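Residue numbers (my numbering): 23 to 174. Cβ atoms here follow ideal geometry from the backbone N, Cα and C, with glycine treated the same way. Quick caveat, the model's predicted, so the values are computed rather than measured. Okay, so here's the structure we're looking at.
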């Protein structure tokens, strides 16, 4: 599936090809901190299919639980998190040779224009999940913001 996306302010735009079955939710503590939310929703795309069309993201390198270094990219203007990838390798620009692993890039689903067409298939690190995050369908819902007056 061809997808397009951008940061909130549209300073950065991109496109990629991905399998819509490769969408996950991650509840790990790092994803909670880096997303500013209870979890992060990610669509995995082969790194060689990803193209920046406009702008240049800022990169922050974090160390994962595995010890691997991961690039976390975001817009330097609006701060939108965009994608992550392995930090210890150059960006793959061509498909790998037969038998070689395909390097994947984790695109933040909220930045995709086609986000309404993507449904997560699994959840990772549920042991780290906020208890309410696993039962959100039980929460009351509204069609717009109805929170405290000062927060509008």
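As assigned by DSSP and simplified to three states, the class of residue i
{"i": "residue 122", "result": "coil"}
{"i": "residue 116", "result": "coil"}
{"i": "residue 153", "result": "helix"}
{"i": "residue 65", "result": "strand"}
{"i": "residue 144", "result": "strand"}
{"i": "residue 38", "result": "strand"}
Cα-Cα separation between residue i and residue j, rounded to whole angstroms
{"i": "residue 99", "j": "residue 144", "result": "32 Å"}
{"i": "residue 26", "j": "residue 134", "result": "6 Å"}
{"i": "residue 118", "j": "residue 138", "result": "30 Å"}
{"i": "residue 169", "j": "residue 115", "result": "45 Å"}
Residue span of the alpha helix (DSSP H) that contains residue i, given as start and end
{"i": "residue 53", "result": "51-57"}
CB contact flag (residue i, residue j, <8 Å)
{"i": "residue 125", "j": "residue 136", "result": "no"}
{"i": "residue 102", "j": "residue 30", "result": "yes"}
{"i": "residue 44", "j": "residue 65", "result": "yes"}
{"i": "residue 34", "j": "residue 77", "result": "yes"}
Residue range of the beta strand (DSSP E) that includes residue i
{"i": "residue 96", "result": "91-96"}
{"i": "residue 27", "result": "24-28"}
{"i": "residue 83", "result": "80-85"}
{"i": "residue 76", "result": "73-76"}
Closest residue to residue i among the options (Cα-Cα distance)
{"i": "residue 68", "options": "47, 113, 95", "result": "113"}
{"i": "residue 150", "options": "42, 91, 28, 54", "result": "54"}
{"i": "residue 147", "options": "24, 42, 23, 60", "result": "60"}
{"i": "residue 38", "options": "70, 46, 56, 48", "result": "70"}
{"i": "residue 74", "options": "28, 42, 92, 85", "result": "28"}
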